[in-house]
Amino acid sequence: MTDARVTGLATLPNGTYDVPERDLAGEVLLEAIDDAGCTLSDVDGLYMPKPRPWTDQGFFTTLLEHQFGLELAESVETYTGGTSGGHAFQHAVGDVRDGSVERAVVLAVERNSTIETDDYLEYILSIFDREFQSPAGPTIPGVYAMSLQRYRYEYDVDREDIASVVVKNRENAAANPDALFDDPVTETDVLESRVVADPLRLYECPAPCDGAAAIVITRGDVADDHDGTGDGVRVGGTGAHHPSSHLLGVRGRSLAAFPAIAGAAERALGDADLGVAELDVLEPYTPFPHTEAMLTEELGLFEHGEGAAACARGQTATDGAIPVSPSGGCIGRGHPPMVTPLLNYAAAVRQIRGESPVVDDVGTVLTTSEHGHIDGVTATVFGGDA
């Protein structure tokens, strides 16, 4: 089995766009191909998260195949909520590794600006248990507010420490040209912003936005045949895990525990033949501040209940012991959920390439994607030795 390497990528700045999804997709596709130093005719696999239900265009991959004259061995659309991009990427990596595809493009596009708030809330209700949960009118921030309350109750976590995660990520985002936010905030700003779902405040919630990204994955034994960035960045390991849970429905565990994180990371690190201590950076899909803190705990970097305090002490800052979300993460960068996993991967690759403005000498990065209430997780390691 050969290596899979990222040889090209492209991202659009998160924000609001008034052009169709197909135009955004085409822009990042062509830019990623150019970055990889290959041509459209070299691509034999196209993978993407299925665009959201409010996207006008259906059969999106086949549209792109016709529009750009692609002749493919594999054409895949996945839909598993926030992990859609993660599963699409891992599917592509698997096909490249086993030789069924030589050069794959993973692409994601999303326009949240095209759906009205009421329609979006109706969509959100549809993903909860229709019989037992939806009638109560739950929201995604509402579910995460419950886990924050439980987390603070079980571990006596300081509210200011939770807010420090937002402060860090907004500061990191200010150095990211693709980020939605470029202005810093203070803990006071965070805690005095309006309540969205008690105790979560506005600045602690990710901002839905439009975005697009594309990544070229090339078989390792042919990666040096292009004119792009050397032989690319190795995809060291992949893994996924989904315990028996669905949003508010959990079995035998607290809302303050996210076993999917450890399960997926264990598989990815095992695939990469690395330990947690060998990671240089984390770029996780953590839409709320307490989930970033809890992720570091689930990985064993800090004791349970200590992740937020570690952030407040600077241990997860860009110059800390283990930088977390140097790109700004969902909170600072903005959050188009179908695209967010690819934004994490792009950040990891750029960090290893030496293109990050905030972290240096990066050799290994662990990234994640998640869906629901961190019900399912994919973990992907970039870098490391073959």
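According to numbering that gives the first Met the number 0, the stretch in the sequence shown is residues 0 to 385, in order. From the three backbone atoms N, C-alpha and C, an ideal C-beta is built for every residue, glycine too. Please read these numbers as outputs of a predicted model, since none were measured by experiment.
query: So, is residue 377 buried or exposed, given that buried needs 16 or more other C-beta atoms within 10 angstroms?
result: buried
- prompt: Unbroken alpha helix (DSSP H) runs of length 4 or more, entirely within the stretch 302-360: which are they?
  reply: 306-311, 328-332, 339-352
- prompt: What span of residues does the alpha helix (DSSP H) with residue 258 cover, start to end?
  reply: 258-271
Classification of residue 135 by the beta-carbon crowding that lies within 10 angstroms, buried from 16 upward: exposed
- request: Below 8 Å CB to CB, which residues in the same chain sit around residue 374 once its five sequence neighbours on both sides are set aside?
  value: 241, 242, 244, 245, 246, 259
Segment contact, 8 Å Cβ cut-off, at least three pairs: the stretch 200-209 with the stretch 345-355: no
query: Can you name, in chain order, every residue of its own chain whose Cβ lies under 7 Å from the Cβ of residue 312, other than the five neighbours on each side?
result: none
- request: Give the secondary structure of residue 189 by DSSP, where H, G and I count as helix, E and B as strand, and everything else as coil.
  value: helix
Inter-residue spacing [alpha-carbon to alpha-carbon] between residue 82 and residue 185: 31 Å
task: Could you tell me which residues DSSP puts in a beta bridge with residue 378?
output: 238, 367
task: Label residue 380 either buried or exposed according to how many other C-beta atoms from any shown protein chain fall within 10 Å of its C-beta, with 16 as the threshold for buried.
output: buried
message: Helix, strand or coil, according to DSSP, for residue 178 in the structure here?
response: coil
task: Just mark residue 15 as buried or exposed, buried being the case when its beta carbon has 16 or more other beta carbons within 10 Å.
output: exposed
field: Reduced DSSP category for residue 0 - H, G, I as helix; E, B as strand; rest coil
entry: coil
Residues that DSSP places opposite residue 46 in a beta bridge: 75, 105
task: Tell whether a beta-carbon distance below 7 Å holds between residue 7 and residue 215.
output: yes
message: Rounded to whole angstroms, what is the Cα-Cα separation between residue 74 and residue 196?
response: 40 Å
field: Where the beta strand (DSSP E) through residue 164 begins and ends
entry: Looking at the DSSP string, residue 164 is not in any beta strand (DSSP E); the run it does join, the alpha helix (DSSP H), is 158-172.
query: Looking at the unbroken alpha helix (DSSP H) that takes in residue 214, where does it start and where does it end?
result: No alpha helix (DSSP H) contains residue 214, which is instead part of the beta strand (DSSP E) from 210-218.
task: Could you tell me the distance, in whole angstroms, from the CA atom of residue 365 to the CA atom of residue 0?
output: 22 Å
query: To which residues does DSSP link residue 70 through a beta bridge?
result: Paired residues: none, contrary to the question.
task: Go ahead and pull the three-state DSSP assignment for residue 149.
output: helix
field: Selected residue, minimal CA-CA separation from residue 289, among 255, 332, 371
entry: 255
query: Is the stretch 112-120 in contact with the stretch 153-170, if contact means three or more CB pairs nearer than 8 Å?
result: no
query: How close, in whole Å, do the beta carbons of residue 56 and residue 20 come, if the pair is a contact with beta carbons under 8 Å?
result: 6 Å
message: Let me make sure I understand the geometry here. Which of 283, 138, 321, 109 has the alpha-carbon closest to that of residue 277?
response: 321
- request: Indicate whether residue 368 and residue 209 have their beta-carbon atoms separated by less than 7 Å.
  value: no
query: Which residue's Cα is closest to the Cα of residue 257: 107, 92, 371?
result: 371
Backbone CA spacing between residue 226 and residue 91 [nearest angstrom]: The predicted model places residue 226 with a pLDDT of 47, which falls under 50 and marks its position as unreliable; any figure quoted below should be read in that light. So the two alpha carbons sit approximately 22 Å from each other.
message: Using the Cβ count rule (16 or more neighbours within 10 Å means buried), how would you classify residue 39?
response: exposed
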